[in-house]
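Engineer: The following block contains the structure, expressed as structure tokens.
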Amino acid sequence: MQLYPIRLFYKYLNKIKIKTMVKDCRNHVLHQNILNIMKQNTFKFHYLLNLILALVFFNTATAQEKKVAPASAELYKEIEQMDEIMFEAFNKKDFEKFKSLFTEDLEWFQDNGGLLSYETVFTNFSNMFKNENKLTRKLIKETLEVHPIKDYGAIEIGVHEFRHMENGKEEIGTFKFLMIWKKKDNQWKISRVISYDH
Numbered sequence: 001m002q003l004y005p006i007r008l009f010y011k012y013l014n015k016i017k018i019k020t021m022v023k024d025c026r027n028h029v030l031h032q033n034i035l036n037i038m039k040q041n042t043f044k045f046h047y048l049l050n051l052i053l054a055l056v057f058f059n060t061a062t063a064q065e066k067k068v069a070p071a072s073a074e075l076y077k078e079i080e081q082m083d084e085i086m087f088e089a090f091n092k093k094d095f096e097k098f099k100s101l102f103t104e105d106l107e108w109f110q111d112n113g114g115l116l117s118y119e120t121v122f123t124n125f126s127n128m129f130k131n132e133n134k135l136t137r138k139l140i141k142e143t144l145e146v147h148p149i150k151d152y153g154a155i156e157i158g159v160h161e162f163r164h165m166e167n168g169k170e171e172i173g174t175f176k177f178l179m180i181w182k183k184k185d186n187q188w189k190i191s192r193v194i195s196y197d198h
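The UniProt record's numbering numbers the first residue of the sequence shown as 1 and each following residue consecutively.
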């Protein structure tokens, strides 16, 4: 009678061992099934991965093309050339040429100066061009965007640098801009400017 509890104890241990063995066996079978599924679906996995990579590449390429896509290649080139003409005059301090590329109803919005009229803008440029300290502008070409405006002209958006010498040291300012070009009688002129991020 005294051995009875001990027998029960060993019997209980045997049950636990059997359950553990069954559980281990099930886990092994499950593991093998997972491996088999993975092997069977390797081709599908690689196909799906390649498809995802192709979609990512396509979306990236499309996003990069958006800088040109909104406008025709011809319009993009026209505005790019007008930008070069205007700022060649600016860099050479050719005041009359520079001024001729703006409409007389010009509105110039400056984030740190507010709304400026045609008269105020060109009084400021006249004084600037008389300054011995030469200021030059350079367009960062990869930032240039051109968008058409129906029956009016085009929008030019981009980033440009202005350089000048101050106390023997070159100072560089990088700013953002938006300009609205109006086409009338086959001539391009700027009617609105937004200069920001100063």
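Think of the CB as a built atom: it goes at the ideal place given N, C-alpha and C, for glycine as much as any other residue. Keep in mind that this is a model prediction, so the values were computed, not measured.
For the beta strand (DSSP E) containing Tyr196, list its first residue and its last residue.
Structural biologist: Numbered from 1 along the sequence shown, position 196 holds the residue referred to as residue 196. Per DSSP, Tyr196 belongs to the beta strand (DSSP E) from 187 to 196.
Engineer: To the nearest angstrom, how far is the alpha carbon of Asp197 from that of Lys184?
Structural biologist: Position 197 of the sequence shown holds residue 197. Position 184 of the sequence shown holds residue 184. Rounded to the nearest angstrom, the two C-alpha atoms are 30 Å apart.
Engineer: Give every residue of the same chain whose Cβ lies closer than 7 Å to the Cβ of Gln110, excluding the five residues on either side of it in the sequence, and list them in chain order.
Structural biologist: Taking the sequence shown and counting its residues from 1, the one referred to as residue 110 is at position 110. For Gln110, where only same-chain residues beyond five positions count, the Cβ hits under 7 Å are Leu116, Ser195.
Engineer: According to DSSP, is Glu132 helix, strand or coil?
Structural biologist: Locating residue 132 in the sequence shown gives position 132, counting from the first residue. Here Glu132 sits in coil by DSSP.
Engineer: Would you kindly check if the distance between the Cβ of Phe102 and the Cβ of Phe122 is under 9 Å?
Structural biologist: For this step, residue 122 is matched to residue 122 along the sequence shown. For this step, residue 102 is matched to residue 102 along the sequence shown. Contact: yes.
Engineer: Mind checking which residues open and close the alpha helix (DSSP H) that includes Leu178?
Structural biologist: For this step, residue 178 is matched to residue 178 along the sequence shown. From DSSP, Leu178 is part of no alpha helix (DSSP H) but of the beta strand (DSSP E) over 169 to 184.
Engineer: Which first and last residues belong to the alpha helix (DSSP H) in which Glu74 is found?
Structural biologist: As a position in the sequence shown, residue 74 is number 74, starting the count at 1. Residues 73 to 91.
Engineer: In chain order, what residues of the same chain have a beta carbon less than 7 Å from the beta carbon of Lys182, not counting five sequence neighbours either side?
Structural biologist: To locate residue 182, count along the sequence shown from 1; it is residue 182. Thr103, Tyr152, Gly153, Lys189, Ser191.
Engineer: Where do the N-terminal and C-terminal ends of the alpha helix (DSSP H) with Glu161 fall, by residue?
Structural biologist: In the sequence shown, residue 161 corresponds to position 161, counting from 1. Looking at the DSSP string, Glu161 is not in any alpha helix (DSSP H); the run it does join, the beta strand (DSSP E), is 153 to 166.
Engineer: May I ask which residues mark the beginning and end of the alpha helix (DSSP H) holding Glu96?
Structural biologist: In the sequence shown, residue 96 corresponds to position 96, counting from 1. Where Glu96 is concerned, the enclosing alpha helix (DSSP H) stretches over 95 to 99.
Engineer: Cα separation between Arg137 and Lys169?
Structural biologist: As a working mapping, residue 137 is identified with position 137 in the sequence shown. As a working mapping, residue 169 is identified with position 169 in the sequence shown. Cα to Cα, Arg137 sits roughly 17 Å from Lys169.
Engineer: Do you know offhand how far Ala69's Cα is from Glu145's?
Structural biologist: Translated into positions along the sequence shown, residue 69 becomes position 69. Translated into positions along the sequence shown, residue 145 becomes position 145. Low local confidence applies: a pLDDT of 48 at Ala69 is under 50, so the model's placement there is unreliable, and no value is given.
Engineer: Is it buried or exposed for Ala73, if we count other Cβ within 10 angstroms and need 16 for buried?
Structural biologist: Here the question's residue 73 lines up with position 73 in the sequence shown. It is exposed - the Cβ of Ala73 has fewer than 16 other Cβ atoms within 10 Å.
Engineer: Counting along the chain, where does the beta strand (DSSP E) carrying Thr103 start and finish?
Structural biologist: Counting from one through the sequence shown, the residue named residue 103 turns up at place 103. Element bounds for Thr103: 102 to 110.
Engineer: Reducing DSSP to helix, strand and coil, say where Lys150 ends up.
Structural biologist: As a position in the sequence shown, residue 150 is number 150, starting the count at 1. Residue state, collapsed to three classes: coil.
Engineer: If you compare alpha carbons, which of Tyr118, Lys141, Asp94 is closest to Lys130?
Structural biologist: As a position in the sequence shown, residue 130 is number 130, starting the count at 1. Of Tyr118, Lys141, Asp94, the residue nearest in Cα terms is Asp94.
Engineer: Nearest-angstrom Cα distance between Lys176 and Phe162?
Structural biologist: In the sequence shown, residue 176 corresponds to position 176, counting from 1. In the sequence shown, residue 162 corresponds to position 162, counting from 1. Taking the straight line from one Cα to the other gives about 11 Å.
Engineer: The ligand MN heavy atoms versus the CB of Gln81: any closer than 8 Å?
Structural biologist: What this structure holds is no ligand at all, so the ligand MN is not there to describe.
Engineer: Taking the straight line between their C-alpha atoms, what separation do you get for Asn186 and Glu78?
Structural biologist: If you number the sequence shown from 1, residue 186 lands on position 186. If you number the sequence shown from 1, residue 78 lands on position 78. One C-alpha to the other measures close to 11 Å.
Engineer: Under 8 Å Cβ to Cβ from Lys99, same chain only, skipping five residues before and after it: list those, please.
Structural biologist: As a position in the sequence shown, residue 99 is number 99, starting the count at 1. The answer, listed in chain order, is Phe122, Phe125.
Engineer: Within 9 Å of any Cβ in chain B, is that where the Cβ of Ile172 sits?
Structural biologist: Among the chains in the structure shown there is no chain B, since it carries only a single protein chain.
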